[in-house]
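Just so we're aligned, residue 1 is where the sequence shown starts under the UniProt record's numbering, counting upward by one.
We put the beta carbon where it would ideally sit given N, CA and C, even for glycine.
All of these numbers come straight from a predicted model, not from anything done at the bench.
Contents: one structure, followed by commentary.
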Amino acid sequence: MSVQPISSPTETVFLSMFLCQRCPAGTRTTKHSMGFCSLSNIAMADRHGEDSPYFAGWKAYDLNPYHPICNPTGIIQMGLAENQVGTDLLEEWLDKHSDIPSWKGTRTSFKEVALYQDYHGLAEFRKALASFMAEVRGGRVRINPDNIVLTAGATAGNEIITFCIADPGEALLVPTPYYPGFDRDLRWRTGVDIVPVKCYSSNNFEVTLPALERAYQEEINNKKSMKAILITNPSNPLGLTISPQTLTTILDFAAEKSIHVISDEVYAGTVFSSQPFTSILEIIQTSNRYDPETVHVVYSLSKDLGLPGFRIGAIFSSNPKIITASRRMSSFSLISSQTQVLLKCLLSDGGFIKRYLNTVKERLRRRHEEFVKGLKEIGIECLEGDSGLFSWVNLRKLLASGDWDSEMKLWIVILEDIGLNISPGRSFHCEEPGWFRVCFGNMSDDDMNVALGRIRLFLASRKHEEDTNLLPRPEAPLGVGGTCAACLVDAEQQAESLTS
């Protein structure tokens, strides 16, 4: 495969993430001819999924992060689904309970926490986590702490449940668009394949029975063994909950095909609409139509509590064999005892938890409303979301043509010239070019307004130059690195690369 000349800083970052530095430019390799340089197939395989613009955008941001005072022309991070709208509430709680990490006045001594603990996790923490998971789901589900396996985040949880259900060469059905990290989490080390269930904007990307049947039958015809369907509810990147009717359709389909259902529910506590969130557990616990041992939930505190750095994840399953195998595998992704002690106290404060969840939902609702309104005022439409930390934004009218190359070129312009890191739909395996995930939960209101202002300026400049065949180049100081983009790359060369 030939590689086109690198024409922009973003493309340099993008390519450098997966091109071997010792191979000729534009080539990849699994092993060098020199034996001492040989690595394993897993280490060199292309299945990690991190050669995606989703991750390249993060790297570009890291090289030039926006700061309102120190770097006002830097890149604003809108490609990271972090929940920072309730951070002040957590800090307030920690200030009031500053004695917890000191061990003084508590029943837990330093020695008890410092020495080896049960690999299954502290019993009191699992109990507190089970209670919190039930609270997030409106108290309409039963969560037995003994059916919880602790993992270092949902990333580990999804990989472990995949290891338990499927062998290398077998496959999981995953509706599109889906979280780019699944290419790493579900495929890379497990050797399991992902079969996309293709969904479209004509029905708001809803999962339908015909779509499930088509994906399933196509792979069966290819002699592929299907083991499970994995859904995200609420959806990342759509910011939409899955309706009870669609969940029932998925469960009926899985039961007919004798496959498992995995529901990634890490955004369960971010639902800000008036309609309550329906967990798949609610359906199987109120019906005798489904085998509960074939339905599993992956959860974490990264999104709902805004604690991704704490690495708290969980697998919930009613299948004893899954629980046993998952606990054994969780030895590779343990959570520190001190973290469990702290969060046990936090989650056990029922009054605070209720106030936190209600406040965060209201803040997310308001942030989402303001963000969508700001985009509509400048002529940009979004999928009507009800949850999550992001919007699924339709930028198809800004594409030079309706293909994936145009989407990539637009993404580079948005990243370099406007100074916004948003994530293109191709990285989410979307079937239609022009959709982008844009995060709003990881920034302040002021930063969001700066981002909207940059988009407004870009569109105004584009309209002014629409009689040319070039994508617009905003005036300084919107470029990367604190200077206009033309100072980074020769203007004529850049324009040529964007229109070739």
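Simplified DSSP assignment, three categories, for residue i
i           : result
Ser202      : helix
Phe390      : strand
Lys344      : helix
Asp264      : strand
Arg28       : At Arg28, the pLDDT of 46 sits below 50, so the modelled position is not reliable; the number obtained from the coordinates is stated separately. Reduced to three states, the DSSP call for Arg28 is coil.
Glu170      : coil
Ile69       : coil
Glu112      : helix
Asn449      : helix
Ile148      : strand
Leu238      : coil
Glu384      : coil
Glu475      : Reliability of the predicted coordinates at Glu475 is poor, the pLDDT of 47 falling under 50, and the value obtained from them is presented with this limitation in mind. Residue state, collapsed to three classes: coil.
Ser326      : helix
Pro244      : helix
residue 564 : An answer regarding residue 564 cannot be provided, because it is not within the stretch 1 to 500 covered by the chain.
Leu420      : strand
Pro276      : coil
Residue from the options with nearest C-alpha to residue i
i      : options                        : result
Arg396 : Leu357, Glu369, Phe436, Leu342 : Phe436
Lys321 : Pro292, Asp304, Gln338         : Pro292
Pro68  : Asn449, Arg456, Lys463, Ala460 : Asn449
Ile250 : Leu240, Val261, Thr241         : Val261
Ile283 : Met78, Val141, Pro53           : Val141
Ala152 : Glu377, Lys376, Ser336, Gly181 : Ser336
Pro210 : Asn222, Pro180, Phe253         : Phe253
Ser302 : Tyr267, Ile280, Pro276, Val295 : Tyr267
Gly309 : Trp411, Gly121, Thr155         : Thr155
Ile231 : Thr208, Gly379, Lys354         : Thr208
Val438 : Thr286, Met44, Gly57, Thr294   : Gly57
Leu399 : Pro424, Leu281, Leu375         : Pro424
Ile455 : Glu256, Val372, Phe163, Gly157 : Val372
Residue i Cβ short of 8 Å to the ligand FMN heavy atom set
i      : result
Leu281 : The model depicted lacks the ligand FMN and carries no ligand whatsoever.
Separation of residue j from residue i, as counted between CA atoms
i           : j      : result
Val174      : Pro196 : 5 Å
Met443      : Val85  : 8 Å
Arg426      : Ile229 : 21 Å
Arg126      : Gly434 : 43 Å
Leu415      : Ile75  : 7 Å
Glu170      : Ile259 : 12 Å
Ile422      : Glu432 : 17 Å
Leu240      : Pro234 : 5 Å
Leu305      : Asp193 : 31 Å
Asn64       : Ile312 : 29 Å
residue 583 : Gly191 : Residue numbering for the chain in the displayed model covers 1 to 500; residue 583 lies beyond these limits and cannot be assessed.
Ile161      : Ile315 : 8 Å
Thr324      : Gly79  : 36 Å
Asp183      : His429 : 10 Å
Pro168      : Cys37  : 26 Å
residue 511 : Cys70  : No answer is possible for residue 511: the residues shown for the chain start at 1 and end at 500.
Ser318      : Met133 : 15 Å
Asn144      : Gln338 : 23 Å
Ala114      : Asp99  : 17 Å
Ala215      : Lys198 : 8 Å
Ser274      : Asn358 : 12 Å
Phe110      : Tyr116 : 12 Å
Val360      : Asn41  : 44 Å
Phe352      : Asp88  : 13 Å
Ser263      : Thr278 : 12 Å
Leu122      : Gln340 : 7 Å
Ile418      : Phe458 : 7 Å
Bounding residues of the beta strand (DSSP E) (the contiguous stretch that carries residue i)
i      : result
Met226 : 226-232
Ser317 : 313-317
Cys37  : Segment: none, Cys37 is in no beta strand (DSSP E) and carries neither H nor E.
Trp435 : 435-439
Ile194 : 193-197
Thr155 : Careful: Thr155 lies outside any beta strand (DSSP E), inside the alpha helix (DSSP H) at 153-165.
Continuous alpha helix (DSSP H) stretch holding residue i: start and end
i      : result
Tyr299 : Here Tyr299 belongs to no alpha helix (DSSP H); instead the beta strand (DSSP E) covers 295-300.
Val136 : 123-136
Asp88  : 87-96
Ala211 : 209-221
Leu357 : 350-377
Ile75  : First-last for Ile75: undefined, no H or E at that position.
Glu282 : 280-285
Glu407 : 404-413
Phe55  : 53-63
Please determine if the segment 71-83 and the segment 383-402 are in contact, where contact requires at least 3 C-beta pairs separated by less than 8 Å. yes
Three-pair Cβ contact test at 8 Å for the segment 346-362 versus the segment 316-333: no
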